[in-house]
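*Asks:* FYI, the UniProt record's numbering numbers position 24 of the sequence shown as 24, with every residue one higher than the one before it.
Positions of the beta carbon are idealized from the N, C-alpha and C atoms, including for glycine.
Let me begin by handing over the structure; questions about it come next.
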Amino acid sequence: MEIIGLIIAGLIIGLLGKFVAPGARDNTPLWLTLLCGIGGVLIGYYLSGALGVAATPGIDWMRWIISIIVAAVLVVAASTLTGRNSRAIR
């Protein structure tokens with residue numbers, strides 16, 4: 001059940017990343033943004049476990065914060081790598 005929550009959180013982070021730079025400023029495909037969001041949340045969640053963030057009863061705020069940061073970094077990286085600048089370099 002926990003993995004489903006992580007995937008949903010990844011989709012939300014990916015969509016938020018897409019809405020931050022909509023239109024002509026962001027040429028990253030929606031599927032890639034969503035995939036980066038999901039991957040980032042999953043990587044961040046397991047990274048926080050490897051860093052020794054202990055599981056607590058209730059919501060693991062530190063794990064979620066780390067997961068969201070990693071997902072946001074991946075979404076921005078995908079946008080930077082795949083985005084095209086409309087100005088010609090002279």
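From what residue to what residue does the alpha helix (DSSP H) around THR33 run?
*Replies:* 30-50 is the span of the alpha helix (DSSP H), which, as asked, contains THR33.
*Asks:* Taking all protein chains shown into account, do 16 or more other C-beta atoms lie within 10 angstroms of the C-beta of ILE58, making it buried, or fewer, making it exposed?
*Replies:* A small correction: the amino acid at residue 58 is Gly; Ile does not occupy that position in the sequence shown. So GLY58 counts as exposed.
*Asks:* Apply the 10 Å Cβ neighbour rule to THR80 and answer buried if 16 or more other Cβ atoms are within range, or exposed otherwise.
*Replies:* Per the 10 Å Cβ criterion, exposed.
*Asks:* Report the three-state DSSP secondary structure of VAL76 (helix, strand or coil).
*Replies:* VAL76 falls in the helix class under three-state DSSP.
*Asks:* Report yes if the CB atom of GLY44 is closer than 8 Å to the CB atom of ALA71, and no otherwise.
*Replies:* Yes. Within cutoff.
*Asks:* Sorted by chain position, which residues of the same chain lie with C-beta nearer than 8 Å to THR82's C-beta, five sequence neighbours on each side aside?
*Replies:* Around THR82: ASN27, THR28, PRO29 and LEU32.
*Asks:* Rounded to whole angstroms, what's the CA-CA distance from CYS36 to PHE19? Just pull it up for me.
*Replies:* So the alpha carbons of these two residues sit roughly 14 Å apart.
*Asks:* To which residues of the same chain is ILE66 closer than 8 Å at the C-beta, ignoring the five residues directly before and after it?
*Replies:* Within the same chain, ILE66 has close Cβ partners GLY44, TYR45, LEU47, SER48, LEU51 and VAL53.
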